[in-house]
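Okay, so here's the structure we're looking at.
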Amino acid sequence: MTDESLDQMRERLERVRDDPQRVLALAGEFLDLASRMVSRAEKLARIGDRTQARMVDLNRRLRQQEEQYRGIFENSTEGIFLADAAGRLLTVNQALVELLAPPPGPGAGVGEAALAETATVASLFFDHADFRVFEQVLQASGRVRRMEVRLVTPRGPVWCLVGASVIEPDGHVVGMTQDISARKALEDELVRRATSDSLTGLANRRGFFENAVRAQAAAARSRAPLGMIMVDVDHFKNVNDAYGHDVGDAVLRAVAGRLRDSVRVADMVGRVGGEEFAVLCPGTDLAGGEELAERLRRALEGLCVEAGGQCVRVTASFGVAVFTEGLDPEPAACLARADKALYAAKRSGRNRVCLDCGLWPALRGGAAEMA
Numbered sequence: 098m099t100d101e102s103l104d105q106m107r108e109r110l111e112r113v114r115d116d117p118q119r120v121l122a123l124a125g126e127f128l129d130l131a132s133r134m135v136s137r138a139e140k141l142a143r144i145g146d147r148t149q150a151r152m153v154d155l156n157r158r159l160r161q162q163e164e165q166y167r168g169i170f171e172n173s174t175e176g177i178f179l180a181d182a183a184g185r186l187l188t189v190n191q192a193l194v195e196l197l198a199p200p201p202g203p204g205a206g207v208g209e210a211a212l213a214e215t216a217t218v219a220s221l222f223f224d225h226a227d228f229r230v231f232e233q234v235l236q237a238s239g240r241v242r243r244m245e246v247r248l249v250t251p252r253g254p255v256w257c258l259v260g261a262s263v264i265e266p267d268g269h270v271v272g273m274t275q276d277i278s279a280r281k282a283l284e285d286e287l288v289r290r291a292t293s294d295s296l297t298g299l300a301n302r303r304g305f306f307e308n309a310v311r312a313q314a315a316a317a318r319s320r321a322p323l324g325m326i327m328v329d330v331d332h333f334k335n336v337n338d339a340y341g342h343d344v345g346d347a348v349l350r351a352v353a354g355r356l357r358d359s360v361r362v363a364d365m366v367g368r369v370g371g372e373e374f375a376v377l378c379p380g381t382d383l384a385g386g387e388e389l390a391e392r393l394r395r396a397l398e399g400l401c402v403e404a405g406g407q408c409v410r411v412t413a414s415f416g417v418a419v420f421t422e423g424l425d426p427e428p429a430a431c432l433a434r435a436d437k438a439l440y441a442a443k444r445s446g447r448n449r450v451c452l453d454c455g456l457w458p459a460l461r462g463g464a465a466e467m468a
């Protein structure tokens, strides 16, 4: 009961003190009011007890959750970091330390605090363009779900899967990283197998044309010439018939090696058929392609493959064409013109270079007798 309520009750008692009936009635009101006040106080006490019990239980649950999250943070095999809104690392877990930190020197240790003190989120990225994309997505949506990037490590850039979320209201960022370098290596190996020739180690037809598509696009953008050379081993069927397929395979490997060793750094050699090879020559016009093809022809002319104590010598015929915008919608069109020039070389006696000058007729009809 407040002081104001007591004052009001005292005034009422003063007014009715000469009337016993009214005094008794007023006393009853007072007792009823006191009873209600006691009941209210008891209810408030019970509410307070329950509230306190709930607070104790809530604190216990919060401690449990904190311990659970701390256990996940410390024992996770995935790297976890916490950064402030400016991108400064506040803390990182041991998994991220083991991925990113250099090995400690004598008497020195590298831990979460040491890495966090010297790094920012941006400094973790090998390619700053990747970080800009990461930052833009995070700012736009508040979350980066799955982004494949290369992170900086002591052993060089490592492919990782990165995700992050913004924590309101302070704008802190919690992120996770997963080392996927083994998976990427497997993917690269699968691509290599799909685009490489198992016999010679050169690009196979698929791999050659994938590179040719990129080279053609680059040549179109820069308006630079792009040459293509078709190579066909002369009389290869006779080699197989006379010495067997094992020697034939050895000849193909030797031809592939000689071509690979004789081209320029920017050029690319591929095996596009049984005994057919192709050379992609960026920045090369028809005259330059002819010069390169002649050098390759001489290199193969001096090739000797041992077979049963004998020296198997081979020659090859060459056709040269240059990518022409508007005439060659795709690399296969240019290569087809180089192929026509090749068969002109075959018709002219083999072991020679012929150019595509837009004048050669389709000569594939004589392919059988010229093999």
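Straight run, no breaks: the sequence shown in the numbering used here ends on number 468. All C-beta atoms in this analysis are idealised placements derived from N, C-alpha and C, irrespective of residue type, glycine included.
Check                                                                                                                 : Outcome
The region 349-356 in contact with the region 373-391 per 3-pair CB rule at 8 Å                                       : yes
Neighbourhood of alanine 74 by C-beta, 6 Å cutoff - its chain only, sequence neighbours within 5 removed              : Because the chain is modelled from 98 through 468, residue 74 falls outside the range shown and cannot be assessed.
Given leucine 474 as reference, the closest of Leu197, Val450, Ala442, Ile144 once Cα atoms are compared              : Examination of residue 474 is not possible in this model, given that the chain is present from 98 through 468 alone.
Which listed residue (Tyr440, Val402, Ala321) has its alpha carbon closest to that of valine 419                      : Ala321
Distance, threonine 274 Cα to tryptophan 256 Cα                                                                       : 10 Å
Per DSSP, cross-strand counterpart(s) of histidine 269                                                                : Ile264
Pair within 8 Å by beta-carbon distance, leucine 197 and leucine 159                                                  : no
At least three beta-carbon pairs within less than 8 Å, the region 324-332 to the region 404-424                       : yes
Per-residue DSSP class, three states only, for cysteine 454                                                           : coil
Delimiting residues of the beta strand (DSSP E) encompassing arginine 368                                             : 365-368
Stretch pair the region 325-340 + the region 400-411: three plus CB contacts closer than 8 Å                          : yes
For alanine 418: DSSP bridge partner residues                                                                         : Met325
For alanine 291 and arginine 303, believed in contact at Cβ under 8 Å, the rounded distance                           : 7 Å
7 Å Cβ shell around alanine 216 - same chain, five flanking residues per side excluded                                : Leu186
Identity of the residue in Ala237, Thr174, Val246 nearest valine 263 by Cα                                            : Ala237
According to DSSP, residues forming a beta bridge with leucine 186                                                    : Ala180
Check whether glycine 184 and alanine 219 have beta carbons under 8 Å apart                                           : yes
Proximity of phenylalanine 231 and valine 259 at Cβ, strictly below 8 Å                                               : yes
Cβ-Cβ separation, aspartate 285 to asparagine 448 (assumed contact under 8 Å), whole Å                                : About 39 Å; that fails the 8 Å criterion.
Outcome for asparagine 190 when other beta-carbon atoms lying within 10 angstroms are tallied against a minimum of 16 : buried
Leucine 192 versus Ala138, Thr250, Arg143, residue with shortest Cα-Cα distance                                       : Note on identity: in this sequence residue 192 is alanine, with leucine being the wrong assignment. Nearest of Ala138, Thr250, Arg143 to alanine 192, Cα basis: Thr250.
Glutamate 245 versus valine 310 - alpha carbon distance                                                               : 25 Å
Exposed unless 16 or more other CB atoms sit within 10 angstroms - verdict on leucine 397                             : buried
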